[in-house]
Every structure is written in structure tokens, then in C-alpha cells.
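By the numbering used here, the letter at position 35 of the sequence shown is numbered 38, and the numbering carries on one by one without gaps.
Below: one structure, written as C-alpha cells.
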Amino acid sequence: MYVLGYLACARDNRPYVVPIHYAFEAAKIYGFSMPGRKTDSLKANPHACMHVDDLESQDRWHSVLIEGGYTELPDTPECHNERIYAWSLLQKHDLYHFLFSHLPKTGSFRIFTCGHRNCACYRLKSESE
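Structure (C-alpha cells):
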């Protein structure tokens with residue numbers, strides 16, 4: 004199973020949509036990203052929208068649109084458990100093994116952070132909850 008969604012955000016009245024790999028539970032969507040336009044935009048304006056679809060054919064499909072607020076989960080003791088939990092959700096998907104198979108297999112916390120010190124972990128919480 005591959006989990007791909009489209010995250011929409013805006014900064015300075017300019018929309019930005021980007022495909023992301025994500026993990027979810029209940030009304031929370033978790034993502035991991037290197038710093039850049041997406042995380043800068045979400046920090047400046049935490050209102051975001053995500054679109055996910057499941058396409059079997061032209062006449063057999065489903066889609067979900069989620070609106071919510073962005074929260075970065077920094078690499079701090081306060082967010083440690085939620086970051087580990089989010090990472091464990093992402094590891095359940097087949098794509099995880101493709102994306103991160105080149106990283107060293109260690110028990111360290113660095114493997115969790117995508118092998119990069121600046122990897123951001125974030126949560127998008129649905130406004131409907």
C-alpha cells in the first residue's frame with residue numbers, strides 16, 4: 004500500500020500544493036519533511052488542507068478532503084513520544100522501506116529523523132474534531 008496525499012498551504016496569498024507521504028490515526032495526519040517552502044509556508048500560516056484519493060478506475064473512486072491546523076513536533080523531550088509514534092505509523096507502509104532502505108539500521112534516534120538533523124516532523128489535526 005502506498006500512502007500519498009496532496010497538502011495545500013498558502014503564504015503571502017500564494018497557494019502551494021505538494022504531494023506528501025503521510026501516516027494517520029483518527030483525526031491526526033503525520034508527515035516528515037526537510038526544511039523548505041512547505042514547512043516555511045506552514046509556519047507562517049498554519050491553516051492547511053489535504054486531499055487524498057483512491058482511484059480504482061474513472062468511475063470507481065473515493066476522495067477525502069481534510070482541513071486542519073499545522074503543528075511542528077520538534078526534536079524535544081516533550082514531543083519525543085509523539086514523534087516516535089508517528090514514525091512507527093509511517094513504517095507500516097511499503098513505501099517506507101523504499102524511501103529509507105539506504106539508511107543505516109541502528110537503534111538510534113537519528114534513524115527516526117530521516118538521517119538528517121533538520122528533518123521536520125509535523126502534525127495536521129482535523130478541524131472537525
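The beta carbon of each residue, even a glycine, is placed where N, CA and C say it ideally should be.
**6 Å CB neighbourhood of Val-55 in its chain, flanking five on each side removed** = Along the sequence shown, one-based indexing puts residue 55 at 52. So the qualifying residues of the chain are Gly-8 and Val-67.
**Per DSSP, the bridge partner or partners of His-65** = As a first step, residue 65 must be located in the sequence shown, where it is residue number 62. Paired residues: Asp-57.
**Asked** By Cβ distance, which residues of its chain are closer than 6 Å to Thr-74, with the 5 residues on each side in sequence left out?
**Response** Start at 1 with the first residue of the sequence shown, and residue 74 comes out as number 71. Correct list, in chain order: Arg-126.
**Asked** So is Lys-41 buried or exposed if we call it buried at 16+ other beta carbons inside 10 Å?
**Response** Reading the sequence shown from its first residue, position 38 is the one you call residue 41. The residue in question, Lys-41, is buried, as its Cβ has 16 or more Cβ neighbours within 10 Å.
**Request:** Could you have a look at Leu-45 and say whether DSSP puts it in helix, strand or coil?
**Result:** Residue mapping note: residue 45 aligns to position 42 of the sequence shown, counting from 1. Leu-45: helix per DSSP, three-state reduction.
**Prompt:** Given 8 Å as the limit, is there contact between the segment 27 to 35 and the segment 73 to 92, that is, 3 or more CB pairs closer than that?
**Reply:** yes
**Request:** Going by CA-CA distance only, name the one from Asp-15, Asp-78 and Ala-13 that's closest to Phe-35.
**Result:** Numbered from 1 along the sequence shown, position 32 holds the residue referred to as residue 35. Residue Asp-78 is the option with its Cα nearest to Phe-35.
**Request:** Measure the CB-CB distance between Ala-13 and Val-20 and report whether it falls below 7 Å.
**Result:** Residue 13 sits at position 10 when you count from the first residue of the sequence shown. Residue 20 sits at position 17 when you count from the first residue of the sequence shown. For Ala-13 and Val-20, no; Cβs fall outside 7 Å.
**Prompt:** To which residues does DSSP link Glu-170 through a beta bridge?
**Reply:** Nothing about residue 170 can be reported from this structure: the residues present for the chain run from 4 to 132 only.
**Prompt:** In whole angstroms, what is the alpha-carbon distance linking Pro-38 and Arg-63?
**Reply:** By 1-based counting over the sequence shown, the position of residue 38 is 35. By 1-based counting over the sequence shown, the position of residue 63 is 60. Cα to Cα, Pro-38 sits roughly 37 Å from Arg-63.
**Item:** Nearest to Gly-71 (by Cα), restricted to the options Pro-80, Leu-92, Ile-23 and Leu-45
**Value:** Along the sequence shown, one-based indexing puts residue 71 at 68. Nearest C-alpha to Gly-71: Leu-45.
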